[in-house]
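Residue numbers (the UniProt record's numbering): 1 to 73.
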């Protein structure tokens, strides 16, 4: 009877550890991406030029704002 309790406690601790680790890693990645966005204005400008568009500063600012709004959600 004692080994069943040990197994149940170990299983509960494992599930709690996995859940806690997931949420900590998620929070860390969200803050990391907020501080270090994966794309900046220069990358966006290069991408638009490769697609055959002439990027204006207004268009780049609009796209950066849209990406930042998407990250905040």
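For each residue, glycine too, the CB sits at the ideal point set by N, CA and C.
Quiz item: At which residues does the alpha helix (DSSP H) containing residue 53 begin and terminate?
Solution: Run containing residue 53: none; DSSP gives neither H nor E here.
Quiz item: Would you call the segment 18-33 and the segment 49-56 touching, i.e. three or more CB-CB distances under 8 Å?
Solution: no
Quiz item: Closest to residue 62 by CA distance: which of 41, 1, 30 is it?
Solution: 41
Quiz prompt | Assigned secondary structure, residue 1 (DSSP; H/G/I helix, E/B strand, else coil) | solution = coil
Practice problem: Report the three-state DSSP secondary structure of residue 9 (helix, strand or coil). | Solution: helix
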